[in-house]
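Per the numbering used here, the very first residue in the sequence shown carries number 4; after that it's consecutive. Using N, Cα and C, we set each Cβ at its ideal position, and we do this for glycine too. In this text, all values refer to a predicted model and were calculated from it rather than measured experimentally. Structure, as structure tokens:
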Amino acid sequence: MDLVDLFDSITIINAAHRKDRRQQMRGALRLVGWDPDGPKVTWFPAVDPKTAVGFTTPGTRGCFLSHLAVLNIARSAGHQRVLVLEDDCEFAPDFSDRQAEVAGWLESSPWGIAYLGHSESITTGPPRLVPWSPDLPIMLTHCYAISGNVLSRLPGYLEAITLRPPGSPEGGPMALDGGFSWFRRQNPDVQTVLSAPSLAYQRSSRSDLSPRWFDRVPVLRDAAENVRGLRGRHRIKPSS
Numbered sequence: 004m005d006l007v008d009l010f011d012s013i014t015i016i017n018a019a020h021r022k023d024r025r026q027q028m029r030g031a032l033r034l035v036g037w038d039p040d041g042p043k044v045t046w047f048p049a050v051d052p053k054t055a056v057g058f059t060t061p062g063t064r065g066c067f068l069s070h071l072a073v074l075n076i077a078r079s080a081g082h083q084r085v086l087v088l089e090d091d092c093e094f095a096p097d098f099s100d101r102q103a104e105v106a107g108w109l110e111s112s113p114w115g116i117a118y119l120g121h122s123e124s125i126t127t128g129p130p131r132l133v134p135w136s137p138d139l140p141i142m143l144t145h146c147y148a149i150s151g152n153v154l155s156r157l158p159g160y161l162e163a164i165t166l167r168p169p170g171s172p173e174g175g176p177m178a179l180d181g182g183f184s185w186f187r188r189q190n191p192d193v194q195t196v197l198s199a200p201s202l203a204y205q206r207s208s209r210s211d212l213s214p215r216w217f218d219r220v221p222v223l224r225d226a227a228e229n230v231r232g233l234r235g236r237h238r239i240k241p242s243s
């Protein structure tokens, strides 16, 4: 069993204007043996608000609302295991070799949220799923899985965050990874696991949340994208 067989749905969040990321993501999926147009794969058009409305930036708000919409769709469909990817997700070089083993762990072990991609430094011990304390925050949401029992609770929690004022002691508008960490802390029964080592990273690409100065100039932006593409090329070992 590969990971694509484990999940009821795999959703990639992609902004309509980021055709570069969509193309890169389609190539990455093919390299690990996944059909980018397969029956389980959905390309979700990212929400692109023009105002922040309590969030730090419109981009941060758009990211939050995009993931919230994807989770609501999965909940309404009655899915029991879903995988959510952002369009700057880059699979680890050994993803193809490890995905069957990770799928087996997720199939046989209890979990609520599984961070298959993360930035935590877990360098000791064999490859495994690592239980993560609800009191420890986790950054990034470029590759994570949610189980059905959490799908029934998480979207409502995130929705409430969007309705509170900034700085609310109950949790006001914030970055999505912060919202997940607040949810985990306030719902300690939810079992969180991390893939060790990480199965996916964030691809080096122009950020829509906080673009750098050279990403705002068309000629320089194109040059920067070419350099980023060279950095990420040939990293993934193709699926056999």
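- Between residue 179 and residue 148, the CB-CB gap reaches or exceeds 8 Å.
- Between the C-alpha atoms of residue 81 and residue 43 there is a straight-line separation of about 14 Å.
- The Cβ neighbour count for residue 134, taken over all protein chains shown within 10 Å, is under 16; the residue is labelled exposed.
- Taking a cut-off of 8 Å on C-beta distances, the stretch 99-119 does not touch the stretch 166-175, as fewer than three cross pairs fall below it.
- Per the Cβ contact rule, the stretch 122-133 is not in contact with the stretch 62-79 (fewer than 3 Cβ pairs under 8 Å).
- The C-alpha of residue 177 is placed about 14 Å away from the C-alpha of residue 69.
- When DSSP states are grouped into helix, strand and coil, residue 114 belongs to the coil group.
- Membership of residue 153 in the alpha helix (DSSP H) is indicated by the continuous run 151-154.
- Between residue 25 and residue 90, the C-beta gap is smaller than 8 Å, which places the two residues in contact.
- When DSSP states are grouped into helix, strand and coil, residue 62 belongs to the helix group.
- In this structure, the beta-carbon distance from residue 18 to residue 49 falls below 8 Å.
- Setting aside the 5 residues that flank it on each side, residue 129 has no residue in the same chain whose C-beta is closer than 7 Å to its C-beta.
- At a Cβ-Cβ threshold of 8 Å, residue 88 and residue 145 count as neighbours.
- One thing to note: residue 95 has its Cβ within 8 Å of the Cβ of residue 202.
- The three-state secondary structure of residue 127, taken from DSSP, is coil.
- The Cβ-Cβ distance between residue 132 and residue 207 does not fall below 8 Å.
- By a beta-carbon distance limit of 8 Å, residue 73 does not contact residue 165. Their separation comes to about 15 Å.
- Inside the stretch 155-206, DSSP marks whole alpha helix (DSSP H) runs of 4 or more residues at positions 157-166 and 179-189, from first to last along the chain.
- Contact annotation: residue 4 and residue 107 have beta-carbon atoms nearer than 8 Å.
- Only residues of its own chain outside the window of five on either side were considered, and among them 122 and 180 have a CB closer than 6 Å to the CB of residue 142, listed in chain order.
- Boundaries for residue 29: no beta strand (DSSP E) harbours it, while the alpha helix (DSSP H) harbouring it runs 22-34, taken from the DSSP string.
- DSSP, reduced to helix, strand and coil, places residue 88 within a strand of the structure shown.
- Taking residue 182 as the centre and dropping the five residues before and after it, the same chain places the C-beta of 161 and 164 closer than 6 Å to its C-beta, in chain order.
- Shortest Cα-Cα distance from residue 83 to any of 93, 32, 12 and 59 involves 12.
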